[in-house]
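Student: For reference, the structure I am asking about is given below.
Residue numbers (our numbering): 1 to 408.
What follows is the structure, given as structure tokens:
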């Protein structure tokens, strides 16, 4: 539920930093370096972080004592002092990810390094999300995963990162939801609701932002300074990571690429959601008199739908090309990753269509972004939500976002 802020926009940047805050910021900077560059040496950590060797050594010793990092074998035979590589301890922390989507929900458990431990995926498709039933169903799956944890894993569980396409809004009407459902969702606090049925600390993030975060974390180093993610599913989600931070906005819904207005191929105004989404493809199929495809899009008979798919790819690529330029103009991204709930072959064709239409558009940007197929996969949002929870607890310098003191 949207709550209007009571603080001034400049208030967060005028707060002083206590000595404890500086210590935490340095600690999290070191952990972030190790997470982003597994095997980085103690000397490289000191050089890249700007911390002195003694301060770095103290922080590494403390993190190792708390079993958040693992020390590798000393590297000899190089110039200077022998170097010691460090990497995250996968067992140092765990988080649950929950995605409540337009027509499915997904639950997973991952470790400190972002690797999957266990999951329930797309077991409960529905025509539209209902707040009266979906949270209880999610809680059941969360309970199933929790029952499989060892005592050590349970003690290191940070909580739940839950993600959704905002509060769903008027697009619910497009799915045939009953009148008034959108208004009911507008009053739901996702984190509070899920925390209430699971008794676990819970943090909410928009699904487009969560998918973007997953995209930047799986990207090989050196990672781009600006990355936009466009995720094609029932509708279109988007998110932007700039300088290592998510652009979320005061209500968490910045980067809502699907809401961008584009020109359709006839020259009229259109909403990206209603041109480039799987819902748009399903509507095209239904209008031809064929049965509307149901269930997970990965299991659709795409070959049987080819004539409609080909036309949809043209329309979607035309619209996405415009959205790419608009997003790049507003956020100065170097890379745009197109991902979705799509088979790899269809996603590749969507990228090709987008690039082809992009080449026909006038571009006045000083540095046009590259457009590539995303690497994060169909479960990008749920992975990203779980990763963000751990990031904000252990890695982010903005320690006030989740908890002042990392878990012991």
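Even for Gly, the Cβ is constructed at its ideal location relative to N, Cα and C.
By how many angstroms is the C-alpha of residue 229 removed from the C-alpha of residue 374?
Tutor: Cα to Cα, the separation comes out at about 8 Å.
Student: For residue 274, I'd like the list of residues in its chain whose CB is within less than 7 Å of its CB, leaving aside the five on either flank, ordered along the chain.
Tutor: Correct list, in chain order: 280.
Student: Considering only the alpha carbon of each residue, which of 259, 149, 42 lies closest to residue 57?
Tutor: Out of 259, 149, 42, 42 has the C-alpha closest to the C-alpha of residue 57.
Student: Taking 8 Å as the cut-off, does the stretch 149–166 touch the stretch 206–224 (at least 3 CB pairs, one atom from each stretch)?
Tutor: Short answer: they touch.
Student: Where are the beta strand (DSSP E) runs, 3 residues long or more, that stay fully inside the stretch 55–96, in chain order?
Tutor: The qualifying runs are 69–71, 85–88.
Student: Nearest to residue 82 by CA position, among 72, 266, 317, is which residue?
Tutor: Selected option, being the one with the closest Cα: 72.
Student: Got a sec: does the ligand SAM put a non-hydrogen atom nearer than 7 Å to the Cβ of residue 318?
Tutor: Within the structure as shown, the ligand SAM is missing, as the structure has no ligands at all.
Student: Among the residues of its own chain, which have a CB less than 8 Å from the CB of residue 30, if the five just before and after it don't count?
Tutor: Cβ neighbours of residue 30 beyond the five flanking positions: 45, 49, 51, 56, 59, 60, 63.
Student: With distances taken Cα to Cα, identify the nearest neighbour of residue 411 among 157, 203, 130.
Tutor: Only positions 1 to 408 of the chain appear in the structure, and residue 411 is not among them; the question remains open.
Student: Report all residues from its chain with a CB closer than 7 Å to the CB of residue 135; omit the five preceding and five following residues, and keep chain order.
Tutor: These residues qualify, in order along the chain: 193, 194, 197.
Student: Taking contact to mean at least 3 C-beta pairs separated by less than 8 Å, is the stretch 241–249 in contact with the stretch 281–292?
Tutor: No, the stretch 241–249 is not in contact with the stretch 281–292.
Student: Output the boundary residues of the alpha helix (DSSP H) element that contains residue 190.
Tutor: Per DSSP, residue 190 belongs to the alpha helix (DSSP H) from 190–198.
Student: DSSP state of residue 303, grouped into three classes?
Tutor: In the structure shown, residue 303 sits in coil (DSSP, three-state: anything other than H, G, I, E or B).
Student: Out of curiosity, what's the CA-to-CA distance linking residue 310 and residue 241?
Tutor: Each residue's Cα considered, the two are about 31 Å apart.
Student: From residue 352 to residue 137, what distance separates their C-alpha atoms?
Tutor: Rounded to whole angstroms, residue 352 to residue 137 spans 39 Å at the Cα level.
Student: According to the Cβ coordinates, are residue 384 and residue 214 closer than 8 Å?
Tutor: Yes, the Cβ-Cβ distance between residue 384 and residue 214 is below 8 Å.
Student: Pick helix, strand or coil for residue 343, following the three-state DSSP scheme.
Tutor: DSSP places residue 343 in coil when its eight states are reduced to three.
Student: Quick one: measure Cβ to Cβ for residue 212 and residue 255, integer angstroms, because I've assumed they're closer than 8 Å.
Tutor: Right, their Cβ atoms sit about 7 Å apart.
Student: The beta strand (DSSP E) that contains residue 241, what's its start and end?
Tutor: Run containing residue 241: 236–242, per the beta strand (DSSP E) assignment.
Student: Would you mind stating whether residue 324 and residue 354 have Cβ atoms separated by less than 8 Å?
Tutor: Contact: yes.
Student: First and last residue of the beta strand (DSSP E) that includes residue 156?
Tutor: No beta strand (DSSP E) holds residue 156; DSSP gives it neither H nor E.
Student: By DSSP, does residue 229 sit in helix, in strand, or in coil?
Tutor: Three-state result, residue 229: strand.
Student: I'd like to know if residue 61 contacts chain B, where contact means its C-beta is closer than 8 Å to some C-beta of that chain.
Tutor: No chain B is part of this structure, which consists of one protein chain only.
Student: Comparing C-alpha positions only, which one of 105, 90, 350 sits nearest to residue 97?
Tutor: For residue 97, the nearest C-alpha among the options comes from 105.
Student: Compare the C-alpha of residue 320 against each of 232, 103, 199, 390 and name the closest.
Tutor: Considering only alpha carbons, the answer is 232.
Student: Could you tell me whether the Cβ atoms of residue 153 and residue 126 are closer together than 8 Å?
Tutor: Against a cut-off of 8 Å, the Cβ pair of residue 126 and residue 153 comes out as no contact.
Student: Should residue 141 be labelled buried (16 or more other beta-carbon atoms within 10 Å of its own) or exposed?
Tutor: Buried is the call here.
Student: Output yes or no for whether 8 Å exceeds the beta carbon distance between residue 86 and residue 158.
Tutor: Contact flag unset, no.
Student: With distances taken from CA atoms, which of 284, 341, 317, 312 is nearest residue 295?
Tutor: Of the candidates 284, 341, 317, 312, the one whose C-alpha sits nearest the C-alpha of residue 295 is 341.
Student: If we count the other Cβ atoms within 10 Å of its Cβ and call it buried at 16 or more, is residue 257 buried or exposed?
Tutor: Buried, since its Cβ has 16 or more Cβ neighbours within 10 Å.
Student: On the DSSP bridge assignment, give the partners of residue 99 in chain order.
Tutor: According to DSSP, residue 99 bridges with 106, 163.
Student: Using only the alpha-carbon positions, how far apart do residue 381 and residue 47 sit?
Tutor: Taking the straight line from one Cα to the other gives about 34 Å.
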